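See structure below.
2 protein chains.
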Amino acid sequence: MRGYLVRPIGVIRSEIKRRKDAPRFYTEGAPNATLKVDAKYIAGLERMKVGDEIIVITWLHLAHRGVLRVHPRGDASRPLTGVFSTRSPDRPNPLGLHRAKVLRIKRKRLRIGPIEAIDGTPVIDIKPVVEEANDS
Amino acid sequence: MRGYLVRPIGVIRSEIKRRKDAPRFYTEGAPNATLKVDAKYIAGLERMKVGDEIIVITWLHLAHRGVLRVHPRGDASRPLTGVFSTRSPDRPNPLGLHRAKVLRIKRKRLRIGPIEAIDGTPVIDIKPVVEEANDS
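Quick note, the sequences are listed as chains A and B, same order.
In terms of this note's numbering, the first sequence has 485 at position 22, counting the first letter as 1, and numbering is strictly consecutive.
In terms of this note's numbering, the second sequence has 558 at position 95, counting the first letter as 1, and numbering is strictly consecutive.
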């Protein structure tokens, strides 16, 4: 089957260094982090401002792409569930969706948080939260 | 710069055939559609059920990847804005986020909606809406 090439537009710099140290969700004690945007994509940040709520889409580069079913949250007592009904990082295309707030903007460095992504995680898109539609 | 290969896990079948006929957002009169999941990813649907709220992530294959700034909603009276602060399909990695409800499941065909994606749009991931965190 045909595919598409995703090119990182930036990277997460975080105090979380290992997958096992990452909270499972941003509401579970995740820290703030820095999103470094690659120089050639800086124009894409124009008019972004401190306080904006954004969705950061990452490529979970440490995930296992061959996994189709998991025990939710790694809890073996929970029945095997298709990855498309879970937020498991292990899935055919390991995309992460992270809702976060913009805390500071310094040219190509966005301070954002809270976010559970691991240090070095590639960022592939940033979108605004669209509140009126309850879509994020 | 290094990249990653995204492999479609399915495709949208919709009555919307052309980009210019697509609503700009699912709340703006979008129809229901069928998400056909590729046979080899069916195990990923296990335990999904009618009524589930999902986020369908698409690859907006008709988008222009070289665009970094747009007039929001194509309205020239609005100032040029970085694509990362808009939901423009034109962006470096043209990912679409679509919140929809599962209306029917027939093996590898999910009837979902409403969704503004065009017929033939590749689907690259499906995630559950995580309501308690107001994250979708």
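Glycine residues also receive a C-beta, built at the ideal position from the N, C-alpha and C atoms.
For clarity, every value in this text was computed on a predicted model and none was experimentally measured.
Check: Might you give, ordered along the chain, the residues of its own chain that have their beta carbon closer than 7 Å to the beta carbon of P585 of chain B, omitting 5 neighbours on each side?; Outcome: P471, V474, T521, W522, H524
Check: Determine, using beta carbons only, whether A506 of chain B comes closer than 7 Å to chain A.; Outcome: yes
Check: Take the Cβ of G507 of chain B as the centre, count every other Cβ of all protein chains shown within 10 Å, and call the residue buried at 16 or more, exposed below.; Outcome: buried
Check: Is DSSP giving I520 of chain B helix, strand or coil here?; Outcome: strand
Check: Which value, in whole angstroms, describes the spacing of the CA atoms of R574 of chain B and R528 of chain B?; Outcome: 29 Å
Check: On the three-state DSSP scale, how would you describe G473 of chain B?; Outcome: strand
Check: Please confirm if I587 of chain A has its CB atom under 7 Å from at least one CB of chain B.; Outcome: yes
Check: Compare the C-beta of A580 of chain B against all C-beta atoms of chain A and say whether one is closer than 7 Å.; Outcome: no
Check: So, is the C-beta of I475 of chain A closer than 7 Å to a C-beta in chain B?; Outcome: no
Check: So V513 of chain A and R567 of chain A are supposed to be a Cβ contact under 8 Å. How far apart are they, rounded?; Outcome: 6 Å
Check: Give me the Cα-Cα distance between K590 of chain A and E478 of chain A, rounded to the nearest whole angstrom.; Outcome: 24 Å
Check: Taking the alpha-carbon positions, what's the R482 of chain A to T490 of chain B distance?; Outcome: 37 Å
Check: Take I517 of chain A as the anchor and find which of A:A493, A:S551, A:K564 has the nearest alpha-carbon.; Outcome: A:K564
Check: Which residues of chain B have a Cβ atom closer than 7 Å to the Cβ of M546 of chain A, listed in chain order?; Outcome: Contrary to the premise, residue 546 of chain A reads as Val rather than Met in this sequence. Here the neighbours are G507.
Check: Hey, would you say A485 of chain B sits closer than 7 Å to I578 of chain B, going by beta carbons?; Outcome: no
Check: How many Å lie between Y559 of chain A and P542 of chain B at the Cα?; Outcome: Rather than Tyr, the amino acid found at residue 559 of chain A in this sequence is Gly. Answer to the nearest angstrom: the Cα atoms are 30 Å apart.
Check: Show which residues of chain A have a CB atom less than 7 Å away from the CB atom of R536 of chain B.; Outcome: Chain A residues near R536 of chain B: none, gap ~12 Å exceeds 7 Å.
Check: Considering Cα atoms alone, identify which of A:K503, A:K480, A:R476, A:F547 is closest to V593 of chain B.; Outcome: A:F547
Check: Can you list the residues of chain A that P591 of chain B reaches, using a CB-CB cut of under 9 Å?; Outcome: F547, S548, T549, R550
Check: List, in order along the chain, the chain A residues whose C-beta lies closer than 9 Å to that of S513 of chain B?; Outcome: Here the sequence assigns Val to residue 513 of chain B, which means Ser is not the residue at that position. Those do not exist, as V513 of chain B stays about 12 Å from chain A at its closest Cβ, beyond 9 Å.
Check: Starting from the beta carbon of R532 of chain A, find every residue of chain B whose beta carbon is closer than 8 Å, and list them in chain order.; Outcome: A506, G507, E509
Check: If we ignore side chains and look at the alpha-carbon of each, how far apart do H534 of chain B and D588 of chain B end up?; Outcome: 28 Å
Check: Please state if the CB of V500 of chain A and the CB of N556 of chain B are separated by a distance shorter than 7 Å.; Outcome: no
Check: Compute the Euclidean distance between the alpha carbons of L601 of chain A and K503 of chain B, then round it to the nearest angstrom.; Outcome: Residue 601 of chain A lies beyond the stretch modelled for chain A, which goes from 464 to 599, so this question has no answer here.
Check: Provide the residue span of the beta strand (DSSP E) that contains D515 of chain B, from first to last.; Outcome: Neither: D515 of chain B is in no beta strand (DSSP E) and is coded neither H nor E.
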